[in-house]
Amino acid sequence: MTAIGARTKQPPLPATVGLGSGRRAGRRPGRRKGAALGIVAWLVGLLFFSPILWMLLTSLHSETNAATNPPALFAPLTLSSYANFFGAASGASPWPALINSALCSLISTGLVLVLAIPAAYALSIRPIRKWSDAMFFFLTTKMLPMVAGLLPVYLIAKQFHLLDTIGLMVIVYTSMNLPIAVWMMRSFFAEIPIEVLEAASIDGAGLLMTFRRILVPLASPGIIATALICFIFSWNELLFASVLTSTSSSTAPVFLTSFVTSEGLFLSKVCAASIAISLPVLIAGFAAQDKLVQGLSLGSVK
Amino acid sequence: MTTLAEPGQSIGTSRRSAPRRGAPEHEALSRAARWARRAPLLPALIFMIIVTQLPFVATLVISFIHWNALYPNDVAFGGFGNYIAVFTDPTMSASVLTTILLTVAVVLISLVIGLVIALLLDRAFWGRGFVRTMMIAPFLIVPVAAALVWKHAIFNPSYGLLNGILTWFWGLFGQAGSAPQPDWVSAHPLAAVDTALIWQWTPFMMLILLAGLQGRPLDVIEAARIDGASNWQIFRFMTLPHLRPYLELSALLGCIYIVQNFDAVFTITSGGLGTANLPYTIYQTFFEAQDYGQASAAGVLVVIGSLIVATFALRTVSSLLREERR
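Respectively, the protein sequence lines represent chains A and L. When we follow this note's numbering, the leftmost residue of the first sequence carries the number 1, and every step to the right adds one. When we follow this note's numbering, the leftmost residue of the second sequence carries the number 1001, and every step to the right adds one.
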């Protein structure tokens, strides 16, 4: 009985093993390939991240340890470069520049939204005639190199005594970001189903009510994406800031360029400063990764 | 609900009363309605016209004036003198070429690398979200900061990371002293600027292409796979055509931003060694040479050039816009 039982049990066993190993043999190269590609992805990601890691490590080393060759990877860590950056040694505090940058970026972002949201409404929800012409006008202004406007803006600002003021930078950054914002907001508004708006108007909501109660809440992810992009671009801008500001309203990127000196060691301090200045953008960008894609593609990629 | 109901009645009555007002007023009313529709657009439109067109008119006027701020008493109408100066100035024509080379190289290379990485990240693997976050980081470093770090912490011949790695590697064989220590920026100035820019812009391309990949119709691809299509065939005949608008969009946006690049050129090479692109050259003509007339003429020519390029680029975008309208 046991022998028979064993025999009757036996035949299926090799079969299942065979089937299983066969299936596994079929899958294994695929799975192995998948794992290999995963490792490749990790390596590529680390390669792209390595300059930032290096920057971080250098910023945490003392100046002498930062300037060694080969690199002193395991040198003791110190925050002295950050202390240096924030004015401990040189006496030049970065705070005025950081505050100027924050003011320029935040005020211009607010102004951009105030101008772009109604404009996008006029271009998408109840499109006016020739709305695409208006859209292309906005896009064309973005395609013109900013640098072509540098001299006239400088001369006009000089005429009206606006040089080296936050107000001027706000106007420049607003004009720089407004076309992007109009494009983005239009595409976000276009996503809102027309039925919702019709229902609102049947319920008797006026324009302002529709705006406040329906459009802005529904498009708020889009508004956040737009604000994020405008903030990043304003915060990063160097060319106009370096020409139009000098002492009282110079921004963080301008401050950063003043760091590099021909004498003495500055590498660790530059790395610390770079990280400190990039930090607001890094935090905003990581917090809203998906919004970033929408924003960068002017709202055309969802 | 109650707040919505009350104004509802008022609008209802006004609507009902509208036809009663009669035909003569109808046209005036629709004109008013048309202006009411346009009104929200006007602030943005007027703002943009003032801040972009007025400076342009000023540039146009100045471009015909012989004006160097270093010689304030020698300002006169110059005719096409500034334009002739721009066209005969070898640094100007060199910078046009540099701009094209820089833009094409950075856009193409970061597009290709971005596509490869997007394909890698489109598959499920352990730690995908983390790798994606690492990939995005370069784009979130302030451009001047990135350029400074590349120049001083990576390319620097005596203590930069690249030469540090070379020394370390040669040191493994006990020959640290004979390790090659190239001066990367002087030896390959344009490639150095390219590298820093590609590093920053690849994540941008990758993000847009990854979004495109994730919008692929998976059932169709599965069907093709069952029909025996190879991976390459699926990529070539299904993925790539699907990605075309995304490739065009990321290339277009990349061009818009990289043509205007100033930070990397300004920081890494200060426009020296044949890396001065148009924005840098105009900045220099204006800010260092103080030749307002010639800088304006160059500005006008840049605007005309970009408009020509933009009309082609806009066709791409308009096809995107048409698709969206359905």
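Think of the CB as a built atom: it goes at the ideal place given N, C-alpha and C, for glycine as much as any other residue. Every value quoted in this text rests on a predicted model; they were computed, and no experiment measured them.
Under the three-state reduction of DSSP, L/His1066 is assigned to strand. The three-state secondary structure of A/Ala75, taken from DSSP, is coil. Under the three-state reduction of DSSP output, A/Ala120 falls in the helix class. With fewer than 16 neighbouring CB atoms inside 10 Å of its own CB, A/Lys130 falls in the exposed class.
By DSSP's assignment, L/Phe1077 forms a beta bridge with L/Ile1065. Under DSSP, the beta-bridge partners assigned to L/Asp1291 are L/Asn1068. Residues of chain L with a Cβ closer than 8 Å to the Cβ of A/Val182 are, in chain order, Ala1044.
Residues of the stretch 220–238 of chain A with a C-beta less than 8 Å from any C-beta of chain L: Ile232, Trp235, Asn236 and Leu238, listed in chain order. Contact between the stretch 235–247 of chain A and the stretch 160–173 of chain A is established, with three or more Cβ pairs separated by less than 8 Å. Neighbourhood of L/Asn1163 in chain A, by CB distance below 8 Å: Asn69, in chain order. Nearest to L/Val1106 by C-alpha distance, out of L/Leu1190, L/Val1096, L/Phe1130 and L/Ala1298, is L/Leu1190.
Under the three-state reduction of DSSP, L/Arg1123 is assigned to coil, being neither helix nor strand. For A/Ser258, the three-state secondary structure derived from DSSP is coil. Where L/Ala1039 is concerned, there is no enclosing alpha helix (DSSP H), because DSSP gives it neither an H nor an E. Looking at A/Thr64, A/Phe48, A/Ala122 and A/Ser132, the one whose alpha-carbon comes closest to that of A/Leu207 is A/Ala122. The beta-carbon of A/Ala134 is placed less than 9 Å from the nearest beta-carbon of chain L. The beta carbon of A/Trp95 sits no closer than 9 Å to any beta carbon of chain L.
The C-beta distance from L/Leu1111 to L/Met1205 rounds to 5 Å, short enough to meet the 8 Å contact threshold. In this structure, DSSP gives L/Gln1053 a helical state, which the three-state scheme calls helix.
Residue environment analysis places L/Lys1151 among the buried positions, since at least 16 neighbouring C-beta atoms fall within 10 angstroms of its C-beta.
Residues of the stretch 1249–1262 of chain L that bring their beta carbon within less than 8 Å of a beta carbon in chain A comprise Leu1249, Ser1250, Leu1253, Ile1256, Val1259, Gln1260 and Phe1262, in sequence order. Of the candidates A/Ser93, A/Ile194 and A/Leu73, the residue whose Cα lies closest to the Cα of A/Tyr82 is A/Ser93. As summarised for the stretch 196–277 of chain A, the continuous alpha helix (DSSP H) elements at least 4 residues long and confined to that stretch are 207–210, 220–236, 239–244 and 252–257, given in chain order. Between A/Ile52 and A/Ala157, the alpha-carbon positions lie close to 38 Å from each other.
Judged by DSSP in its simplified three-state form, L/Arg1216 adopts coil rather than helix or strand.
For A/Ala252 and L/Thr1091, the gap between their C-alpha atoms comes out near 31 Å.
L/Tyr1159 is the residue among L/Gly1171, L/Val1096, L/Leu1197 and L/Tyr1159 whose C-alpha sits nearest the C-alpha of L/Pro1182. Between L/Ala1313 and L/Leu1252, the C-beta spacing is below 9 Å.
Annotation: L/Leu1070 has no Cβ neighbours in chain A at a cutoff of 8 Å; minimum Cβ distance is about 15 Å. Beyond the five residues adjoining it in sequence on each side, A/Val170 comes within less than 7 Å, by CB distance, of Cys104, Ile107, Ser108 and Leu111 in the same chain, given in chain order. Taking 9 Å as the cut-off, the Cβ atoms of L/Leu1210 and L/Ala1264 do not count as close. Note that the stretch 1091–1101 of chain L touches the stretch 1273–1282 of chain L; at least 3 beta-carbon pairs, one per stretch, sit closer than 8 Å. Taking one beta carbon from each stretch, the stretch 1207–1221 of chain L and the stretch 1164–1173 of chain L have fewer than 3 pairs nearer than 8 Å; the two do not touch. The Cβ neighbour count for A/Glu237, taken over all protein chains shown within 10 Å, is at least 16; the residue is labelled buried.
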